[in-house]
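Colleague: In terms of our numbering, the sequence shown is residues 8 to 708. Cβ coordinates follow ideal geometry from the N, Cα and C atoms, glycine included.
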Amino acid sequence: MRSCSFTGIKIAITALSFLVTGVVIAAGGGGAIQTNPGALSGKHFDPKGKLPSKYTIAAQKQQRRLLPFSDKRDFAEQKKGFIAAPDYKQIKAEAGNVAWDMGSYEWLLQGKDFDSIHPSLQRQAILNMNYGLYEVIPGIYQVRGFDLANISFIKGKTGWIVFDPLTAKETAAAALKFINEKLGKRPVVAVVYSHSHADHFGGVRGVASLEDVNSGKIKIIAPVGFMENAIAENIYAGNAMNRRLFYQYGVLLPRGPFGHVDQSIGKNVAAGNSGLIAPTVIIKKDIEEMTVDGIKMIFQNTPGTEAPAEMNTYFPDLKAFWAAENITGTIHNIYTLRGALVRDALEWSKQINKALYLFGQDAKVMFASHSWPRWGNKRVQEVMRAQRDTYANLNNGVLHLANQGVTINQIHNKYKVPKSLQQQWAARSYHGSVEHNSRAVINRYLGYWDANPTTLIPLSPEDSAPLYVEMMGGSKKILRKGRSLYKKGKYRLAQEILNKLVYAQPKNQKAKDLLADVFEQIGYQQESPSVRNSFLAGALELRSGIPSGASPKTSGPDLIQAMSTELFLDFLAIRLDSTKAEGKKFKINLSTPDNKEKFVIELSNATLTNIEGYQAKDADLTITINRSDLEKTMMGAVSLDDQIKSGKAKLKGNPKVLEQLKTMLVQFDLGFEIMPGTGEKDLTPEKKPFEQEAIGDTAGG
Numbered sequence: 008m009r010s011c012s013f014t015g016i017k018i019a020i021t022a023l024s025f026l027v028t029g030v031v032i033a034a035g036g037g038g039a040i041q042t043n044p045g046a047l048s049g050k051h052f053d054p055k056g057k058l059p060s061k062y063t064i065a066a067q068k069q070q071r072r073l074l075p076f077s078d079k080r081d082f083a084e085q086k087k088g089f090i091a092a093p094d095y096k097q098i099k100a101e102a103g104n105v106a107w108d109m110g111s112y113e114w115l116l117q118g119k120d121f122d123s124i125h126p127s128l129q130r131q132a133i134l135n136m137n138y139g140l141y142e143v144i145p146g147i148y149q150v151r152g153f154d155l156a157n158i159s160f161i162k163g164k165t166g167w168i169v170f171d172p173l174t175a176k177e178t179a180a181a182a183l184k185f186i187n188e189k190l191g192k193r194p195v196v197a198v199v200y201s202h203s204h205a206d207h208f209g210g211v212r213g214v215a216s217l218e219d220v221n222s223g224k225i226k227i228i229a230p231v232g233f234m235e236n237a238i239a240e241n242i243y244a245g246n247a248m249n250r251r252l253f254y255q256y257g258v259l260l261p262r263g264p265f266g267h268v269d270q271s272i273g274k275n276v277a278a279g280n281s282g283l284i285a286p287t288v289i290i291k292k293d294i295e296e297m298t299v300d301g302i303k304m305i306f307q308n309t310p311g312t313e314a315p316a317e318m319n320t321y322f323p324d325l326k327a328f329w330a331a332e333n334i335t336g337t338i339h340n341i342y343t344l345r346g347a348l349v350r351d352a353l354e355w356s357k358q359i360n361k362a363l364y365l366f367g368q369d370a371k372v373m374f375a376s377h378s379w380p381r382w383g384n385k386r387v388q389e390v391m392r393a394q395r396d397t398y399a400n401l402n403n404g405v406l407h408l409a410n411q412g413v414t415i416n417q418i419h420n421k422y423k424v425p426k427s428l429q430q431q432w433a434a435r436s437y438h439g440s441v442e443h444n445s446r447a448v449i450n451r452y453l454g455y456w457d458a459n460p461t462t463l464i465p466l467s468p469e470d471s472a473p474l475y476v477e478m479m480g481g482s483k484k485i486l487r488k489g490r491s492l493y494k495k496g497k498y499r500l501a502q503e504i505l506n507k508l509v510y511a512q513p514k515n516q517k518a519k520d521l522l523a524d525v526f527e528q529i530g531y532q533q534e535s536p537s538v539r540n541s542f543l544a545g546a547l548e549l550r551s552g553i554p555s556g557a558s559p560k561t562s563g564p565d566l567i568q569a570m571s572t573e574l575f576l577d578f579l580a581i582r583l584d585s586t587k588a589e590g591k592k593f594k595i596n597l598s599t600p601d602n603k604e605k606f607v608i609e610l611s612n613a614t615l616t617n618i619e620g621y622q623a624k625d626a627d628l629t630i631t632i633n634r635s636d637l638e639k640t641m642m643g644a645v646s647l648d649d650q651i652k653s654g655k656a657k658l659k660g661n662p663k664v665l666e667q668l669k670t671m672l673v674q675f676d677l678g679f680e681i682m683p684g685t686g687e688k689d690l691t692p693e694k695k696p697f698e699q700e701a702i703g704d705t706a707g708g
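1. Contact between the segment 249–268 and the segment 539–555: three or more CB pairs below 8 Å?
2. So, at 6 Å on beta carbons, what are the nonlocal neighbours of E313 in its own chain, with the 5 sequence-adjacent residues on each side left out?
3. Less than 9 Å separating the beta-carbons of G209 and L325?
4. My understanding is that D520 touches R539, with C-beta atoms under 8 Å, so please give their C-beta distance in whole angstroms.
5. DSSP puts Q307 in a beta bridge; with which residues?
6. Would you mind giving the Cβ-Cβ distance between S216 and H207, rounded to the nearest angstrom? I have them listed as a contact below 8 Å.
7. Kindly confirm or deny that the segment 117–133 and the segment 345–364 touch, where touching means at least three C-beta pairs closer than 8 Å.
8. Please confirm whether L668 has its beta-carbon closer than 9 Å to some beta-carbon of chain B.
9. According to DSSP, is V31 helix, strand or coil?
10. Kindly provide the ranges of any beta strand (DSSP E) runs that are 3 or more residues long and lie completely inside the segment 548–616, ordered along the chain.
11. Quick check: V196 and V299, are their CB atoms within less than 9 Å of each other?
12. Just to confirm the assignment, what range does the alpha helix (DSSP H) spanning I341 have?
13. Would you tell me roughly how many angstroms separate the C-alpha atoms of G15 and V509, rounded to the nearest one?
14. Taking only three categories from DSSP, how would you classify A656?
15. Taking the alpha carbon of A277 as the reference point, which residue from K96, D53, K594 and G49 has its own alpha carbon closest?
16. Who are Q97's beta bridge partners in DSSP?
17. Terminal residues of the continuous alpha helix (DSSP H) containing A92?
18. With I144 as the anchor, note down where its alpha helix (DSSP H) starts and where it stops.
19. Measuring alpha carbon to alpha carbon, tell me which of P473, K50, Y138 and R386 ends up nearest I504.
20. Taking 6 Å as the limit between beta carbons, can you name the residues of its chain near F170, skipping five residues before and five after?
21. By the three-class DSSP mapping on this structure, what secondary structure does E687 have?
22. Taking the straight line between their C-alpha atoms, what separation do you get for S482 and I632?
23. Give me the Cα-Cα distance between Q533 and P465, rounded to the nearest whole angstrom.
24. By the 10 Å Cβ neighbour count, where 16 or more other Cβ atoms means buried, how is Q368 classified, buried or exposed?
25. Within a Cβ cutoff of 7 Å, which residues of the same chain sit near K517, ignoring the five residues on either side of it in sequence?
26. Specify, as a first and last residue, the run of the beta strand (DSSP E) that P230 falls within.
27. Should P662 go down as buried or exposed, given a rule of 16 or more other Cβ atoms within 10 Å for buried?
28. Apart from the five residues on each side of it in sequence, which residues of its chain come closer than 7 Å, Cβ to Cβ, to L140?
29. CB L576 to CB F593, shorter than 9 Å?
30. Within a Cβ cutoff of 8 Å, which residues of the same chain sit near V664, ignoring the five residues on either side of it in sequence?
31. How many Å lie between G439 and A352 at the Cα?
32. Per DSSP, what are the beta-bridge partners of I133 in this structure?
33. Can you list, in chain order, the stretches of the alpha helix (DSSP H) that have 4 or more residues and sit fully within the segment 163–243?
34. If you draw a straight line from the C-alpha of L522 to the C-alpha of L492, how long is it?
35. Tell me the residue span of the alpha helix (DSSP H) that contains V441.
36. So, with DSSP's three-state summary, where would you put A39?
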């Protein structure tokens, strides 16, 4: 079995997994990665796949005329400071699979324009082909192209201060080994997590050991709220989030001009072991100064920007500004399509503005956790202002229209980025898109309802679609019109009617294939890879169903150990099937002596609740188990029944209550349908009743 992980989820692809003309569809950055061997000769990986239509080709040519391709400064900056590249393109995971494969994207370097890729996206994808060791300025270095993020090394008096140790232990370890080979071996003396997304902390065990952290040899520095948000942000809807990753990140798309091209802030996510070592130093103040190994750093906490817990860093003696993921080579997500709380575009803009006036007036270089640095104060300020103004205009421009009655269902067709910003590469929306970000701003302030009572309690699409199909004259008429619209290049009109038909007739393969053709052309024309991937992934599943053989595995032990007991109990409550709990009630006391926690877990009104710090006098059952042993049950290593048999868990009261609870808990499966008629699949192995489900992925924000 080939195994490949995508941060919070691990996806195993069997040798007999979904095959399309010899191309294995794989997840994330590893395992069964294949590019499309016929890509450069114009051959699609899917026998049902279509080449770019004349309308798509015309749209791409128009973009080449409109966008500022004469501005090539990014290419000069991308190459600046290059020291060396390794003699390998793949990094293996400890499990034996491929953790990272930069070579799978080398088709981008052939000097060919692909009409199946938006020209701006192709430009960004080429820029993200950075691979190797780079000097930012003397004393600051980056290893790029080993993961979705960059890993940065600051040269202290005695060792390395590492900023953002990537997603996977294996890629981070390879980066540390490579810089030590090229610049001389130095110990790691500190690790800084810039924020709470997994591609910025998951590889920490590749550069630091728990023993060295516990002994004080290595400091782990993070912003206030880091631990809570690193775990909590992706627990409650983790299964849904991981399934949606198939779309936003295109994890099942082959790498090639008709499939996965780039992830805007990097190529992809590494597929190795993700871990977490808790911070030993927390930056709590808005602005906080610290000297580590002779390096003076000024931290700027920026909560509520790209991540709930995030911080920029300024090196005053070096005139260097670290922008974390707040300023990279793209406008980011206000709403990330995998699923997350909507972010605050205005606060993001204000924090960039604060950094501009605190540090940007003097900074001679700006570097970040993604993309490439910018040198010279004028250039640094130009990029900071462009991103500050884009986020501010997004917030203000959308609300300007909303206050004139433009709704969430209209705003993406009404709001436009100012022309002066459209002509700046640093203000292009690769990771986000103008369309879905503008909808997010309205959702943040006004919610999902457009104020039309018709949409307040709408029918589900599978219930409303049959009526539409009937009123439109049936499937044959819709298909004829859909083909006509497709041939005329009117793809968004075509998807409007074909989507209704597919929901009304999920087994109508002709309708699904035609909708897939429409999705494909829309996808080819997208500048944002997240939007591109979503349309192309939808097309893939409409044509061939959900790929078989993919299955999530439990999250790594570090992430489980970092979960609070309360968070674990909250998620059990989400797993409760209320229909099975109807008419039942009980109280359970839970006590974990080793960390002195106490909880009351109560089932009433078909709802499971918990409260910390209390014990019920009339509890039906009391469970006493050390938190360290409970973690083994949460990981699935030892069942609760076995903990009871071994005496690690002690019960007092009615044990049947526990058996009742087991029967009420649902295990979520990754293989639920997104597009109708694509076939639910059992993609999740059976778990023990109290085993924690896979944590949702937050890599890339």
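Modeller: Per the coordinate set shown:
1. yes
2. E332, N333, H339 and G708
3. no
4. In fact, because the Cβ distance is near 20 Å, the residues do not count as touching under 8 Å.
5. I294 and N319
6. Actually they do not touch by this definition, with Cβ atoms about 19 Å apart.
7. no
8. The chain labelled as chain B is not found in the depicted structure, where only one protein chain is given.
9. In this predicted model, V31 has a pLDDT of only 33, less than 50, meaning its place in the structure is not dependable; the value taken from the coordinates is given anyway. Strand at V31.
10. 593–599 and 604–611
11. yes
12. Element bounds for I341: n/a, residue is neither H nor E.
13. Any reading at G15 is ruled out, since the residue's pLDDT is 33, under 50, leaving its predicted position unreliable.
14. strand
15. K96
16. D108
17. Segment: none, A92 is in no alpha helix (DSSP H) and carries neither H nor E.
18. Note, I144: premise wrong, no alpha helix (DSSP H); beta strand (DSSP E) at G139 to I144.
19. P473
20. S159 and V199
21. coil
22. 60 Å
23. 29 Å
24. exposed
25. L486
26. K226 to P230
27. exposed
28. I90, A91, Y148, V150, F185, I186 and K189
29. no
30. F593, I595, D627 and L628
31. 12 Å
32. Beta-bridge pairing links I133 to no other residue.
33. 176–190, 217–222 and 233–239
34. 11 Å
35. V441 to L453
36. Confidence at A39 is low in this model, with a pLDDT of 48, below 50, so the placement of that residue should be treated as unreliable; the coordinate-derived value is given next. Reduced to three states, the DSSP call for A39 is coil.
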